[in-house]
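Numbering (the numbering used here), first residue to last: 79 to 241. Here is the structure we will look at, set down as structure tokens.
Laid out in structure tokens, this is it:
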């Protein structure tokens with residue numbers, strides 16, 4: 079995806095290179111290579127090693143709905159808890175450890191709720207060690223019920239029934 083080369087008589091030949099394959103982005107840095115050919119060869123070996131030994135497992139994309147939860151005292155009865163960011167985990171291809179996920183989220187929340195407000199999180203673990211977590215956020219705003227909101231809902235329902 080990119081590279082930067084440089085050379086001086088003291089530092090010799092240097093390279094920083096980046097590459098992306100199967101949603102895995104890697105950076106290789108080679109310093110003090112004796113020739114320009116060797117610096118490119120070493121960078122290629124580093125990137126090939128990374129792509130051969132590591133991969134990214136995706137557990138969801140930003141905005142994916144994880145769970146609908148009940149809202150108390152709100153203008154809506156339910157709200158969706160969505161992923162705040164992509165849920166991608168870097169894994170070693172040599173280590174076939176199973177990745178487990180733990181969803182930490184209440185069954186109900188009380189209004190008011192702001193859009194993008196944190197409602198909980200998902201923790202990803204291998205061998206009992208947490209390796210990543212992603213926040214679960216509200217996908218919309220929910221106002222708290224008020225006398226005005228209740229009256230408006232009752233009148234709207236009643237007027238629709240009269241038609």
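Even glycine gets a Cβ: it sits at the ideal position worked out from N, Cα and C.
For the pair residue 166 and residue 224, the Cα-to-Cα distance works out to about 41 Å. Each of 112, 162, 229 and 148 was checked against the Cα of residue 213, and the nearest Cα belongs to 162.
Residue 182 is positioned such that its CB atom lies closer than 7 Å to that of residue 199. In the same chain as residue 85, and ignoring 5 residues on each side of it, the C-beta atoms closer than 6 Å to its own belong to 91, in chain order.
In this structure, residue 151 and residue 222 form a Cβ contact; the two beta carbons are roughly 6 Å apart against a cut-off of 8 Å.
Between residue 145 and residue 233, the alpha-carbon positions lie close to 31 Å from each other.
Linking residue 128 to residue 175 through their CA atoms gives a straight-line distance of about 18 Å.
Per the coordinates, the alpha-carbon of residue 208 lies some 12 Å from the alpha-carbon of residue 168. Annotated three-state conformation of residue 117 is helix, per DSSP. Taken through DSSP and simplified to helix, strand or coil, residue 217 comes out as coil. By the criterion of a C-beta distance shorter than 7 Å, residue 121 is surrounded in its chain by 93, 95, 106 and 108, once the five residues flanking it on both sides are discounted.
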